[in-house]
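S.K.: Residue numbers (the working numbering), protein chains in the order written: chain A, 1 to 276; chain B, 1 to 373.
In this text, a Cβ means the ideal position worked out from N, Cα and C, and glycines have one as well.
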């Protein structure tokens, strides 16, 4: 009994420590945003500012086009996720259901695209987009992000579709659906948690991109995404880290909101197949 | 409703043939059971019939229509799956009406048919529930209901009882039979359970390695099995097999069984003389106590089920067949099982006299396994 309670205490202590390690950067971001820039380098550091600058958020929204940047990020992420989901739902479903010669190798080949660092793809993508006259357009990062998202989401969805019994679409086909109709009317509604988890993953990937936006959108200020915009707040000689932190919090909020909204589906999506 | 004609259907995966020239005529309203061990091709045949798999060759007609190349939804059949395959995101009502909706049936008509089928199956109080809120037995009924509302030409059922517990299985088995008698819709039912096949079928099709072994009514299949495989598969416990040699004695043919010269019930005695044979004897045709052919045994194991006893006896060496590569149970090759009805309790150590009537024996060619009558 005593050994059991000790184990429980150790378990809770471990969980608390892990949470503290994970939450500390966010906490420090908030502390930095609310502190006067002059207080940031003091030793010992202050763990909560004496007079928090709550007005900093309104101030930077007035000074910088944060809402425009957020809108661009949302547009780019939504576009990239939409394209990625259409492609990866069809690809993942095909990999899961149809046995074709070389199908497995093709699936692995798709995954190798994910293994390449994003920066490696910047140069060829730049060449392609320049030929298509997309440099400076939001379409450049929508398509570039889709190339990043699709390989992984295809595999995520393939794994999810594998957990759905084939008999479901067979029953739908006997009931009069075409193979595509069975997928749309039965498999996709049943896969809602998996689709939500996959879409959120793609959205976060696109939202957090900097390299592609920096390469393709630098000369088009009206199309800057939030991450690209924030980096322009860093000066060559002086950087106001308090303002940058406050802007970072504003940029992180939409993702947090989406996560909380989709959390129910997300957990279902990530634990799919765990139930027997 | 319609009859079904399956003509020389084959199915191969690469070099592996899983169905070999399968031909079967099913009469309108008939209940046919495809039975056989795992991997015999019965489920593949059902899926080909449903249009869910493509036949390598051969044709299928439902009624007067050649449906070989039609999509599953165009064949006018309904299917009940082993795991029920209910749509988890739809209510029972919508599950049952899904097929009709796909066919553009009027909403009022869908409601009428769903309500009627639900009443027949006793699930009218479950119509607004989702499948996850149902028990296994209720899901099974919904799956049946989904098939019934379509009013199809034929029902295809792929081991629909195998996910139910033993008691519910017996109950549902009887319900499906009663439903078939009421609706008289042509039904093809796949199972690996010979008891289901025997109790439900108008005709049984028994399969092994993609080949039909025998097509017959349950009674005929039990009394006149076509070969060793059928004889061993049908009946529970399966038939006992004893290796022997046929000897011509006057106008009849005999075999030495348990030390007795036993006359074999075969018509063409002359052709059989001198042949290596396998004699089949059903466990329920062995009686306790002396009879026409009696032999004393020392039981290795006695299993009592109350109303009956299974007595396991080691077969004498001369009656044991050679081990084959067909995966036959070793215990079955070396033992004899007697099924004694209303037995007296008896200790395992006691010597027991068993007997049988030679007219009940089955005779098979040892080389080909075919029955000799």
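#1: Would you mind working out which of B/169, B/212 and B/184 sits nearest residue 193 of chain B, comparing C-alpha positions?
#2: Do you know how far the Cα of residue 21 of chain A is from the Cα of residue 7 of chain A?
#3: What is the residue span of the alpha helix (DSSP H) that residue 205 of chain A lies within?
#4: If I measure Cβ to Cβ from residue 101 of chain B and keep anything under 7 Å in the same chain, skipping five residues before and after, which residues do I get?
#5: Just the C-alpha distance for residue 194 of chain A and residue 160 of chain A, rounded to the nearest angstrom, thanks.
#6: Could you pull out every residue in the same chain whose Cβ sits closer than 7 Å to the Cβ of residue 265 of chain B, ignoring the five residues on either side in sequence?
#7: For residue 113 of chain A and residue 368 of chain B, what's the separation of their Cα atoms in angstroms?
#8: Can the beta-carbon of residue 19 of chain B be found closer than 8 Å to that of residue 9 of chain B?
#9: Looking only at its own chain, which residues have a Cβ that is under 7 Å from the Cβ of residue 237 of chain B, when we skip the five neighbours before and after it?
#10: What does the alpha-carbon distance come out to for the pair residue 32 of chain A and residue 242 of chain A?
#11: Looking at the unbroken beta strand (DSSP E) that takes in residue 5 of chain B, where does it start and where does it end?
#12: What does a CB cutoff of less than 8 Å around residue 38 of chain B pick up in its chain, not counting 5 residues either side in sequence?
#13: Beta carbon of residue 223 of chain A, beta carbon of residue 72 of chain A: below 8 Å?
#14: As an exercise, report each continuous alpha helix (DSSP H) stretch of at least 4 residues that is fully enclosed by the stretch 115–173 of chain A, in chain order.
#15: In terms of alpha-carbon separation, which member of B/71, B/150 and B/313 lies closest to residue 95 of chain B?
#16: When the Cα atoms are used, what is the spatial distance from residue 190 of chain A to residue 230 of chain A?
#17: Report the rounded CA-to-CA distance for residue 188 of chain B versus residue 364 of chain B, giving the unit in angstroms.
#18: What does DSSP give as the partner residue(s) for residue 16 of chain B in the beta ladder?
#19: Check each candidate in B/234, B/183, B/184 and B/276 and name the one with the smallest Cα separation from residue 374 of chain B.
#20: So what does DSSP say about residue 295 of chain B, is it helix, strand or coil?
#21: Using 8 Å as the limit for Cβ to Cβ distance, is residue 175 of chain A near chain B?
#22: On the CB-based measure, 16 or more other CB atoms within 10 Å of its CB, does residue 397 of chain B come out buried or exposed?
#23: To the nearest angstrom, report how far apart residue 90 of chain B and residue 98 of chain B are at their CA atoms.
#24: Please list the segments of the alpha helix (DSSP H) lying wholly inside the stretch 203–247 of chain B, counting only runs of 4 or more residues, in order along the chain.
#25: Going by DSSP in three states, residue 201 of chain B sits in which element: helix, strand or coil?
#26: Spatial neighbours of residue 301 of chain B within its chain, please: C-beta separation below 6 Å, excluding the five flanking residues on both sides.
#27: For the pair the stretch 152–159 of chain A and the stretch 89–100 of chain A, tell me if three or more CB-CB distances fall below 8 Å.
#28: Assuming contact is defined by CB atoms lying nearer than 8 Å, are residue 62 of chain B and residue 76 of chain B in contact in what I supplied?
#29: Mind listing the chain A neighbours of residue 83 of chain B? Cutoff is C-beta to C-beta under 8 Å, in chain order.
#30: Determine, for residue 275 of chain A, whether the minimum Cβ-Cβ distance to residues of chain B falls below 8 Å.
#31: Between the alpha carbons of residue 276 of chain A and residue 12 of chain A, how many angstroms are there, rounded?
#32: What span of residues does the beta strand (DSSP E) with residue 362 of chain B cover, start to end?
#33: Give the secondary structure of residue 53 of chain A by DSSP, where H, G and I count as helix, E and B as strand, and everything else as coil.
#34: Can you list the residues of chain A that residue 89 of chain B reaches, using a CB-CB cut of under 7 Å?
#35: Put residue 167 of chain B into one of helix, strand or coil per three-state DSSP.
#36: What does DSSP give as the partner residue(s) for residue 314 of chain B in the beta ladder?
M.R.: Result, derived from the coordinates:
#1: Here residue 193 of chain B refers to the residue found at position 193 of the second chain. Checked all of B/169, B/212 and B/184; the closest Cα to residue 193 of chain B is B/169.
#2: Locating residue 7 of chain A in the first chain gives position 7, counting from the first residue. Locating residue 21 of chain A in the first chain gives position 21, counting from the first residue. Answer to the nearest angstrom: the Cα atoms are 21 Å apart.
#3: Counted from its first residue, the first chain places residue 205 of chain A at position 205. It spans 192–207 - the alpha helix (DSSP H) in which residue 205 of chain A sits, taken as one unbroken run.
#4: As a first step, residue 101 of chain B is located in the second chain; it is residue number 101 there, counting from the start. Same-chain partners within the cutoff: 110.
#5: Here residue 194 of chain A refers to the residue found at position 194 when the first chain is read from its first residue. Here residue 160 of chain A refers to the residue found at position 160 when the first chain is read from its first residue. Residue 194 of chain A and residue 160 of chain A have their alpha carbons spaced roughly 6 Å apart.
#6: Sequence index remark: in the second chain, residue 265 of chain B carries index 265 (1-based). Answer for residue 265 of chain B: 358, 359 and 361, listed in chain order.
#7: By 1-based counting over the first chain, the position of residue 113 of chain A is 113. By 1-based counting over the second chain, the position of residue 368 of chain B is 368. Residue 113 of chain A and residue 368 of chain B: Cα-Cα distance of roughly 58 Å.
#8: On the second chain, position 19 is the one that residue 19 of chain B refers to. On the second chain, position 9 is the one that residue 9 of chain B refers to. Contact flag set, yes.
#9: As a first step, residue 237 of chain B is located in the second chain; it is residue number 237 there, counting from the start. Same-chain partners within the cutoff: 283, 310, 337 and 339.
#10: Against the first chain, residue 32 of chain A aligns to sequence position 32. Against the first chain, residue 242 of chain A aligns to sequence position 242. When rounded, the distance between both Cα atoms is 5 Å.
#11: Residue numbering aside, residue 5 of chain B sits at position 5 when the second chain is read from its first letter. Element bounds for residue 5 of chain B: 4–13.
#12: In the second chain, counting from the first residue as 1, residue 38 of chain B sits at position 38. Cβ neighbours of residue 38 of chain B beyond the five flanking positions: 192.
#13: Walking along the first chain from the start, residue 223 of chain A turns up at place 223. Walking along the first chain from the start, residue 72 of chain A turns up at place 72. Yes, Cβ-Cβ distance for residue 223 of chain A and residue 72 of chain A is below 8 Å.
#14: 118–131 and 138–162
#15: Within the second chain, the letter at position 95 stands for residue 95 of chain B. Taking only the C-alpha atoms, the option nearest residue 95 of chain B is B/150.
#16: As a working note, residue 190 of chain A is residue 190 in the first chain. As a working note, residue 230 of chain A is residue 230 in the first chain. Cα to Cα, residue 190 of chain A sits roughly 40 Å from residue 230 of chain A.
#17: For the purposes of this step, residue 188 of chain B is taken as residue 188 along the second chain, with counting starting at 1. For the purposes of this step, residue 364 of chain B is taken as residue 364 along the second chain, with counting starting at 1. Using only the alpha carbons, I get a separation of about 30 Å.
#18: Indexing the second chain from 1 puts residue 16 of chain B at position 16. DSSP, once it has assigned bridges, lists B/13 as partnering residue 16 of chain B.
#19: No answer is possible for residue 374 of chain B: the residues shown for chain B start at 1 and end at 373.
#20: Here the question's residue 295 of chain B lines up with position 295 in the second chain. Of the three classes helix, strand and coil, the one that applies to residue 295 of chain B here is strand, per DSSP.
#21: Reading the first chain from its first residue, position 175 is the one you call residue 175 of chain A. Yes, residue 175 of chain A lies at the interface with chain B (some Cβ there is under 8 Å from its Cβ).
#22: Because residue 397 of chain B is not part of the residues shown, which for chain B are 1 to 373, the question remains open.
#23: Residue numbering aside, residue 90 of chain B sits at position 90 when the second chain is read from its first letter. Residue numbering aside, residue 98 of chain B sits at position 98 when the second chain is read from its first letter. If you take the alpha carbons of residue 90 of chain B and residue 98 of chain B, they lie about 9 Å apart.
#24: If we require 4 residues or more, the alpha helix (DSSP H) runs fully inside the stretch 203–247 of chain B come out as 218–223 and 228–233.
#25: On the second chain, position 201 is the one that residue 201 of chain B refers to. Residue state, collapsed to three classes: coil.
#26: Start at 1 with the first residue of the second chain, and residue 301 of chain B comes out as number 301. These residues qualify, in order along the chain: 312.
#27: yes
#28: By one-based count along the second chain, residue 62 of chain B stands at place 62. By one-based count along the second chain, residue 76 of chain B stands at place 76. A contact, by the Cβ cut-off of 8 Å.
#29: Counting from one through the second chain, the residue named residue 83 of chain B turns up at place 83. 165 and 167, listed in chain order.
#30: For the purposes of this step, residue 275 of chain A is taken as the residue at position 275 of the first chain. The predicted position of residue 275 of chain A is uncertain, since its pLDDT is 35 and thus under 50; no value can be drawn from it.
#31: To locate residue 276 of chain A, count along the first chain from 1; it is residue 276. To locate residue 12 of chain A, count along the first chain from 1; it is residue 12. Any answer about residue 276 of chain A is weak, because its pLDDT of 31 lies below 50 and its placement is not dependable; what the coordinates show is given next. Cα-Cα distance, rounded: 28 Å.
#32: On the second chain, residue 362 of chain B is found 362 positions in, with the first residue counted as 1. Start and end: 362–365.
#33: Working through the first chain from its first residue, we reach residue 53 of chain A at position 53. Of the three classes helix, strand and coil, the one that applies to residue 53 of chain A here is coil, per DSSP.
#34: Taking the second chain and counting its residues from 1, one reaches residue 89 of chain B at position 89. Going along chain A in sequence order, the residues near residue 89 of chain B (Cβ under 7 Å) are 189 and 190.
#35: In the second chain, counting from the first residue as 1, residue 167 of chain B sits at position 167. In the structure shown, residue 167 of chain B sits in a helix (DSSP, three-state: H, G or I).
#36: In the second chain, counting from the first residue as 1, residue 314 of chain B sits at position 314. Answer by DSSP bridge pairing, in chain order: B/335.
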